[in-house]
Amino acid sequence: MLKFPSPLQEYIWRGRKFYIKRDDLIHPLFNGNKARKFEGLLNLDMKILVSYGGNQSNGLATLSYIAKIKGCQFFYVTPVLSSFLEQFPQGNLALARENGVLFEYLTSKEHVNVNMLQKRALEISKSLGDGVQFIPQGGACEIARVGIQRLALELKTQMASLKNPIIFYVSGTGASSGYLSELIPNVFTTPSAGNEEYLKSLFVAMGIAEHPHVLSIHKKIPFAKPDDRLWEVYTEWLDLGIEFDLIYDCLGWLCIMEHLHDFTDNEIVFIHSGGTNGNLTQKERYYRQAGKVSYK
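Residue numbers (the working numbering): 963 to 1258.
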């Protein structure tokens, strides 16, 4: 059962009050921005789902859950697995396998990029006939607007008593923050992959009429690379009783702290991106790279 609306809870972190939209509490597996973007799929009449992306993607896990409860086949195109993951599947990959996902592992003489994955996924989608729903990486498609509209309505109600609120929503593909900014003012975001210009180009490609305000951190962190600053944010919030994912939301909190001086007269609402199931494999990367007890 999905728990809507998700609560808006008040926390004090590093001496500042924040309001957190707890989208991580919507459902143990179907939560965060993926729950918002893929909620519309629950009411679609579809027989087959096709998508593509990384083998530890939160989108993979969420779509596999949707396909399972709707009794759909789910085809997913991803780069060939490492020998370790092939032998010891874990995290979102293991969950997707348990949910019956049909994988195609793409290989190439060159580095497999997202365009190659998309091309192959589209070929599969077109070959399967009627009743196929194609979902681009990250859920950047019109169906995502359904859940984001519900999110906007919840926020408008819950923020009614806040003084000059701004909303912070971390971006991957930019679909969630982009669609939300068309419905509600003062949405801020930061790119988790690429730079500001790349994210803005994604907004243009999606036809977003009103773009969010894009902020960046001073020292860029390569996507999904372990970083002491992210781990510090993660453990501080964990001590306060809330877990954020290490790739997206912890980066968002770093960005907020660097730009906090711009929001002295605003109350800050942070939308939880969910996806904390992915922390299992990401923490393993920290343990292997750090080689020190402080991470454990």
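Even for Gly, the Cβ is constructed at its ideal location relative to N, Cα and C.
Taking the runs of the beta strand (DSSP E) that are 3 residues or longer, which of them lie wholly in the segment 1003-1082?
-> You should have 1010-1014, 1035-1041 and 1064-1068.
Own chain, CB closer than 6 Å to Pro1188, minus 5 neighbours either side, in chain order = Within the sequence shown, the letter at position 226 stands for residue 1188. Excluding positions up to five away in sequence, the list reads Arg1247, Tyr1248 and Gln1251.
Expressed to the nearest angstrom, what Euclidean distance is found between the alpha-carbon atoms of Ile1105 and Pro1098?
-> In the sequence shown, residue 1105 corresponds to position 143, counting from 1. In the sequence shown, residue 1098 corresponds to position 136, counting from 1. CA-to-CA, the gap between Ile1105 and Pro1098 works out to about 11 Å.
Selected residue, minimal CA-CA separation from Arg976, among Leu1161, Thr1238, Leu1222 and Val1149 = Counted from its first residue, the sequence shown places residue 976 at position 14. Comparing C-alpha distances from Arg976 to each of Leu1161, Thr1238, Leu1222 and Val1149 shows the shortest one belongs to Leu1222.
Could you check which residue in Asn995, Ile1129 and Ile1031 has the C-alpha nearest to that of Ile1218?
-> Residue 1218 sits at position 256 when you count from the first residue of the sequence shown. Out of Asn995, Ile1129 and Ile1031, Ile1129 has the C-alpha closest to the C-alpha of Ile1218.
Pick out whichever of Asp985, Val1039, Ile1170 and Lys1182 has its Cα sitting closest to the Cα of Arg998.
-> Here residue 998 refers to the residue found at position 36 of the sequence shown. Nearest Cα to Arg998 within the set Asp985, Val1039, Ile1170 and Lys1182: Asp985.
Between Cys1103 and Lys1118, what straight-line distance do the alpha-carbon atoms span, to the nearest angstrom?
-> Here residue 1103 refers to the residue found at position 141 when the sequence shown is read from its first residue. Here residue 1118 refers to the residue found at position 156 when the sequence shown is read from its first residue. Approximately 23 Å, taken between the alpha carbons.
Segment limits, alpha helix (DSSP H) that includes Leu1242 = Here residue 1242 is taken as the residue at index 280 of the sequence shown, counted from 1. Leu1242 -> alpha helix (DSSP H) spans Asn1241 to Ala1252.
Delimiting residues of the beta strand (DSSP E) encompassing Leu970 | In the sequence shown, residue 970 corresponds to position 8, counting from 1. Run containing Leu970: Leu970 to Trp975, per the beta strand (DSSP E) assignment.
Span of the alpha helix (DSSP H) holding Ile1110?
-> Position 148 of the sequence shown holds residue 1110. Per DSSP, the unbroken alpha helix (DSSP H) holding Ile1110 starts and ends at Ala1106 to Gln1120.
Thr1226 (DSSP reduced to helix, strand or coil) | Counting from one through the sequence shown, the residue named residue 1226 turns up at place 264. DSSP places Thr1226 outside both helix and strand once states are collapsed to three, so it counts as coil.
Based on the DSSP secondary-structure assignment, which residues constitute the bridge partners of Pro1127?
-> Taking the sequence shown and counting its residues from 1, one reaches residue 1127 at position 165. Answer by DSSP bridge pairing, in chain order: Glu1229.
Which residue or residues does DSSP assign as beta-bridge partners of Arg978?
-> Here the question's residue 978 lines up with position 16 in the sequence shown. Answer is Trp975.
Val1166 lies in the alpha helix (DSSP H); which residues open and close that run?
-> Residue numbering aside, residue 1166 sits at position 204 when the sequence shown is read from its first letter. For Val1166, the enclosing alpha helix (DSSP H) begins and ends at Glu1158 to Ala1167.
State the DSSP-derived secondary structure class of Phe1259, mapped to helix, strand or coil.
-> Given a span of 963 to 1258 for the chain in the structure shown, any question on residue 1259 remains unanswerable.
If we ignore side chains and look at the alpha-carbon of each, how far apart do Lys1289 and Tyr1131 end up?
-> No information on residue 1289 is available, as it lies outside the stretch 963 to 1258 that the chain covers here.
Any idea what DSSP makes of Phe1206, helix, strand or coil?
-> For this step, residue 1206 is matched to residue 244 along the sequence shown. The DSSP-derived three-state label of Phe1206 is coil.
Assuming Pro967 and Glu1116 form a contact by the criterion Cβ under 8 Å, report the distance between their Cβ atoms to the nearest whole angstrom.
-> Your numbering for residue 967 matches position 5 in the sequence shown. Your numbering for residue 1116 matches position 154 in the sequence shown. Confirmed, Cβ separation roughly 4 Å.
Residue span of the beta strand (DSSP E) that contains Phe1150, given as start and end = The residue you call residue 1150 lines up with position 188 of the sequence shown. Taken as a continuous stretch (DSSP letters only), the beta strand (DSSP E) holding Phe1150 covers Val1149 to Thr1151.
From Gly1156, Arg1112, Gly1053 and Pro1041, pick the residue whose C-alpha is nearest to that of Glu1072; which is it?
-> One-based indexing of the sequence shown puts residue 1072 at position 110. Check the Cα spacing between Glu1072 and each of Gly1156, Arg1112, Gly1053 and Pro1041: the tightest is with Pro1041.
At what residues does the alpha helix (DSSP H) containing Val1195 begin and finish?
-> Working through the sequence shown from its first residue, we reach residue 1195 at position 233. Here the alpha helix (DSSP H) through Val1195 covers Asp1190 to Asp1201.
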